[in-house]
Each structure stands twice: as structure tokens, then as C-alpha cells.
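Oh and the sequence shown: position 290 is 341 in our numbering, straight run, nothing missing.
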Amino acid sequence: MELYRDETILLEEESGSVFLTVFKSGMTFVKLDRTLQTLPQISITKFLPLKDALNAGFCEKLEIGNIKPPVDLEISRDSMTAKIRLNCTEQHLKENLNRMKAEIKNMLESRGICEGILYYVIDHELKVQKDITIAAGTEAVDGQDAQITYFQPTERKPTIKEDGKADYFDMHFLDEVEKGDWLGEKHHPTDGVPGKNIYGDILLPKKGKDRKLLYDAKTVMEHEEDGKIVLRALVKGVVEKKGNRIAVGDHLIVNGDVGIETGNIDFNGNITIKGIIMEGFSVSADKDISILGSMGLSGVESVTSRNGDIFIKGGAFGKGKTKIRAAKNIFIKHANECTLEAGENITIGYYSVGSLLKARNVLAHEKKGKLIGGVIEAKGKVVAGIVGNHLERKTNIHVEGFNRELIQMELEGLFSEYDMATLHVERYAQQLSVNEGLLDQLNEQQKNQYELTKSNYEEELEKLNGLDQKRKSLTSLLEAKGEGEVTVGVIAYPETVIQIKVMIKRIHSSTHGTFYAMGNQLHHE
């Protein structure tokens, strides 16, 4: 059958193959390409013989390709889509539209495609020489992982409020709960929604992963409520974390003052004192200590938190003898002639006068906070608005400093260790989850293995908590400018001595700004 003829060439079809006859020179490859655009049913498969024939200007009946089917159907490897391509001209489609629609539908049926057929596209959106999607399966929707929410402890961040006449130092320190109070919840993982491919085959979704609720079983219990698991307090106390587990800690509340009636206090939990500590008395606790009396402390012997924070709302007049020590942070309105030592930060609301302050960072308000006299020792940085006073009281600030590169390397190693511990925790949690519903069916050996796994799980949780605390500590150091920082927001008076690492700056005339170490140089900006 003749497909195309002019004075230079003849294109004809026999048994599905396309043949070229060249009569004379004049037909170029570019001209032939334009001609073939009007014959979309032709597929050229033998380019080199075709090119040689055109260049020679003569050939007899050379096979150069084949005839495409009127409709090409292509099915994706995952059997989720079917596409067609119409190998005809617009005119041919217009003249044979109904026949081609029927041919497409028959082709889908013969290939077993029955799901997600886009009939509107077939009936109204057919185009020639373009890939057209005419069937699309429905993807399976994987289930959601278990969603867990825990009680979020209030951030321990002191605020200086303005009350019109007077400022006062305040913060929310301990989160008290009653028995039965909400502490967290878990929404169960979902199964997901099945899908179908274009053949109607069911596609199974992945079920969401379960997650284990982390809580202290002695003080917190779980209940099934409204299709979810809810954590509630078993006892009255203070919300705290044991490793990565939520717990309710013991809480001793002293409604008045600590003094003759109470004697010295040493408690293995958290302490809230709504009054003050009388002169000569001491308070110690394993965890956090909150002293809320607005009058503050005077002549107290000591306040010690072995593993937690200390908050003193009213400040302290130490009379040269008071020692306040916390394993973590100290938050205090003001300190007069006291010794304050913190494993992490000391945060001062208004001022420190003639005190010894030791911490990773010593932080007073950058505009209002005052450090007057005494000795301030820090690892990373010291921040205050005013250092010294107009009477030129000698004030010594010593920042030990650090090697930033080494700290960053240590932090990177810590991240790797943390990731490994997290994998162990997840593995143990999965093992425990499998066996928890079958405890009454386990033999003695299996029960022993369960207890061992539980013990390993607890150990890894504690390790994770320790690594997280160390991460926060190292990150806190890196927040300092350079490798040790002293920032004075308003003024540093003469007789202020600033030492960072081994470099010393004696202030002879009033100044302000940030002093920081970088290598073996002290910078000021």
C-alpha cells in the first residue's frame, strides 16, 4: 500500500513493514523528517541504510521501518498505570473517533484492566501522538505509627516582671499533680488502607509501628480510655523524668518556714518551702528545691540539691557563711556574701554582691543584672549588665574557657553513641512488647530472659538520659562566643579584672562590650 509519493521518493507498506524507493536526489533527511510528521503511523528502525540511500540519490525498495499499531498501550512495571499513544493524525482521529474509543476500551478489557479506568479521559480528552494515562490504580495508604504525647514540664526560665512600683523575680519551678491527673497518652498504630492495581489486585498496606510508653510503673499507670492508652498519676507529687521515663516524684511541701519547728531538712525527693529558711538552718534534697518566701534567706547555713535545681525567689543574704550548691542549676533573685556552686548554670535576677559564684555559665540580665565585688568563676561564659560599681569595688571574673574544636569532636562522638543507644532501646522495647501480653504463658527460662531484657532496657534508658544531659552541657558551652566569653551590657567599672583562659584584662576606665578568647588571643568588641 502506497503511503507517500513525490518526484524523489516512494514510501509504501507491505505486511507491516515500510519500504523506501528513491528515484532521484533532492530528498534530505530533514525534509523526510517533516514528511514523516504527517505519517505518525511509521516507525523508522533502520536509520543508516535510510541515510545512505538519501545521500546516494537512488535505491530500489529498501526496508526502513514498520507500521505502528493505531493505539499503543503501555503498562507500568508496578501495574499501577496504563498509558496509550495514538499513532495517527488529528484528521484521522476526528473521522474515526467513536471507533477508536471502542478500540481502546476493548484493548483494556482484553488485557484484564478493570480498576481505575479513566472513562472521562477516553471519551473527552484523547490527543494524538501524546502519552495519555487512561487507567490508574489506587496506592495503599500505610498505617500511621503510634502517636505518643507526654506531659510537658514547664520550662525553667526566670522572668523579671514589672508590677508598676516594683520588679520581682519569679518562675514556675515544679509541676505538681494529684493522683489521677493526666501525664500522657498513646494513640494506637493504624492498619492503613488497602489499595488496588489496575488489574484489581489488592495491595496490602504496611501497618504502623507500635511504640512503647515510657513511664515509672511505681508512680504512673496506664488505662485504656476512648480507644487510646492514657497515663495517669498513681500518687500525688511532682512530674519528673527518670531517664527517659515520665514519673511522679516525692514532694515535701513546707507550708511555712524551715526553723525550730521543722529542724534541718534532708529529703530524698523534691522540696517546696512556701516560706523561708531561718538563720542557721539547712535544707538538703536529692532533687529540686524551691524556696518561695518573698523575704529571702538570711544567714542560712546551707541549701543543697544533690541531683537537681535550686530556686530561691527572694534571694539570699549570706553574711559570709551561706553555701548554696546544686548539681544542676541555681536560680536566685540576688546573692549577698554567699557561696553559690552549680554544676550547670547560675541565673541571677538582679545582683550579686561580694559573693563567690562557680558554674558552667553565670548569667545575669544583660541590662539590669549586676555583679559587684567577689569572685565569679565559669567554664563557658559570664553575662551581666553592670560589673563592679562607681566606688570601684574590686570584682574578679575568671572564665576557664575551652577548646572549641575538641568540644565539637566530643559532641560528634556523643551523637554516634546516642544513636547506638537509641537502637538498643528500640530493640529491647520491641522484645518486651512482644512478650508483655504473654507473660502468663512463658516458662521459667523465658521469664528469666524477659527480666534480663527488661533490666537491659532500663540500663539503656539511663544511658540515654546521661548522654542527653552531656549533650546539653556541651551544647551550652558552644553557645559562648569564641572559646570563653564575658559580656558586659552596660558598664564595667575600674578595678574589674577579667581573665579568660590565661589572658587577663584589667579595667582601668569604664567600658562595656563582649570579651572573648580565640586561641591565645583576647578580643573585645
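We treat Cβ as the ideally placed atom computed from N, Cα and C, and that holds for glycine.
Does the separation of the CB atoms of residue i and residue j fall below 7 Å?
{"i": "glycine 167", "j": "isoleucine 95", "result": "no"}
{"i": "glutamate 417", "j": "histidine 449", "result": "no"}
{"i": "aspartate 317", "j": "serine 335", "result": "yes"}
{"i": "glycine 347", "j": "alanine 367", "result": "yes"}
{"i": "glycine 431", "j": "arginine 455", "result": "no"}
{"i": "aspartate 337", "j": "asparagine 315", "result": "no"}
{"i": "methionine 158", "j": "leucine 137", "result": "no"}
{"i": "alanine 435", "j": "lysine 263", "result": "no"}
{"i": "isoleucine 324", "j": "isoleucine 297", "result": "no"}
{"i": "isoleucine 327", "j": "isoleucine 340", "result": "no"}
{"i": "glycine 310", "j": "methionine 329", "result": "yes"}
{"i": "asparagine 117", "j": "valine 69", "result": "yes"}
{"i": "glycine 535", "j": "lysine 523", "result": "no"}
{"i": "lysine 258", "j": "aspartate 242", "result": "yes"}
{"i": "aspartate 196", "j": "lysine 156", "result": "no"}
{"i": "valine 281", "j": "threonine 270", "result": "no"}
{"i": "leucine 391", "j": "leucine 408", "result": "yes"}
{"i": "lysine 292", "j": "aspartate 267", "result": "no"}
{"i": "aspartate 301", "j": "glycine 288", "result": "yes"}
{"i": "leucine 54", "j": "glutamate 65", "result": "no"}
{"i": "valine 122", "j": "glutamate 160", "result": "no"}
{"i": "phenylalanine 202", "j": "valine 290", "result": "yes"}
For residue i, is the classification buried or exposed, using 16 other Cβ atoms within 10 angstroms of its Cβ as the cut-off for buried?
{"i": "cysteine 389", "result": "buried"}
{"i": "isoleucine 584", "result": "Given a span of 52 to 576 for the chain in the structure shown, any question on residue 584 remains unanswerable."}
{"i": "asparagine 321", "result": "buried"}
{"i": "methionine 460", "result": "exposed"}
{"i": "valine 299", "result": "buried"}
{"i": "glutamate 437", "result": "The residue asked about is misnamed: residue 437 is isoleucine in this sequence, not glutamate. With 16 or more Cβ atoms within 10 Å of its Cβ, isoleucine 437 is classed as buried."}
{"i": "arginine 557", "result": "exposed"}
{"i": "methionine 52", "result": "exposed"}
{"i": "threonine 79", "result": "exposed"}
{"i": "lysine 364", "result": "buried"}
{"i": "leucine 529", "result": "exposed"}
{"i": "lysine 102", "result": "exposed"}
{"i": "glutamine 139", "result": "With the sequence shown as reference, residue 139 is identified as cysteine, and glutamine is not the correct amino acid for it. It is buried - the Cβ of cysteine 139 has at least 16 other Cβ atoms within 10 Å."}
{"i": "alanine 104", "result": "buried"}
{"i": "alanine 107", "result": "exposed"}
When DSSP labels each residue in this structure, what does residue i get in the three-state scheme?
{"i": "asparagine 440", "result": "coil"}
{"i": "isoleucine 249", "result": "coil"}
{"i": "alanine 531", "result": "coil"}
{"i": "isoleucine 118", "result": "strand"}
{"i": "arginine 557", "result": "strand"}
{"i": "tyrosine 567", "result": "strand"}
{"i": "glycine 517", "result": "helix"}
{"i": "glycine 17", "result": "Nothing about residue 17 can be reported from this structure: the residues present for the chain run from 52 to 576 only."}
{"i": "lysine 421", "result": "strand"}
{"i": "isoleucine 327", "result": "coil"}
{"i": "alanine 217", "result": "Confidence in alanine 217 is poor, its pLDDT being 47 and thus under 50, which makes the residue's placement too unreliable to answer from."}
{"i": "threonine 79", "result": "coil"}
{"i": "threonine 86", "result": "helix"}
{"i": "glycine 464", "result": "helix"}
{"i": "leucine 62", "result": "strand"}
{"i": "alanine 472", "result": "helix"}
{"i": "tyrosine 544", "result": "coil"}
{"i": "glutamate 166", "result": "coil"}
Give me, in chain order, the residues of the same chain whose beta-carbon lies closer than 8 Å to that of residue i; leave out the 5 immediate sequence neighbours on both sides.
{"i": "threonine 184", "result": "Thr132, Ala133, Lys134, Leu169, Val172"}
{"i": "glutamate 443", "result": "Tyr544, Pro545, Glu546"}
{"i": "serine 34", "result": "Missing from the structure shown is residue 34; the chain here goes from 52 to 576 and no further."}
{"i": "tyrosine 469", "result": "Leu515, Leu518, Asp519, Arg522"}
Chain C beta carbons: is any one of them nearer than 7 Å to that of residue i?
{"i": "methionine 222", "result": "Included in the structure is just one protein chain, with no chain C present."}
Among residues of its own chain, excluding the 5 on either side of residue i, which ones have a beta-carbon nearer than 6 Å to its beta-carbon?
{"i": "glycine 163", "result": "Tyr250"}
{"i": "glutamate 511", "result": "Ala472, His475, Val476"}
{"i": "aspartate 193", "result": "Gly243, Pro256, Lys257"}
{"i": "arginine 376", "result": "Thr355, Glu392"}
{"i": "histidine 223", "result": "Thr205"}
{"i": "leucine 265", "result": "Asn295, Arg296"}
Return yes when the C-beta of residue i is under 6 Å from any heavy atom of the ligand SAM, and no when it is not.
{"i": "glutamate 312", "result": "No copy of the ligand SAM appears in this structure; indeed no ligand is present at all."}
By Cβ distance, which residues of its chain are closer than 7 Å to residue i, with the 5 residues on each side in sequence left out?
{"i": "glutamate 206", "result": "none"}
{"i": "glycine 331", "result": "Gly350, Glu352"}
{"i": "lysine 374", "result": "Ser353, Thr390"}
{"i": "leucine 144", "result": "Leu137, Met151, Leu177, Val179"}
{"i": "asparagine 396", "result": "Asn380, Ala410, Arg411, Asn412, Leu414"}
Are the region 523-541 and the region 555-572 touching by the rule of at least three beta carbon pairs closer than 8 Å?
yes
Taking three-plus beta-carbon pairs below 8 Å as touching, is the region 503-515 in contact with the region 471-489?
yes
Within the chosen definition, does the region 150-157 reach the region 227-238 through at least 3 CB pairs nearer than 8 Å?
no
Specify whether the region 419-427 and the region 397-408 touch according to this definition: at least 3 beta carbon pairs, one from each stretch, less than 8 Å apart.
yes
Using a Cβ distance threshold of 8 Å, determine whether the region 66-80 contacts the region 106-126, with at least three qualifying pairs required.
yes
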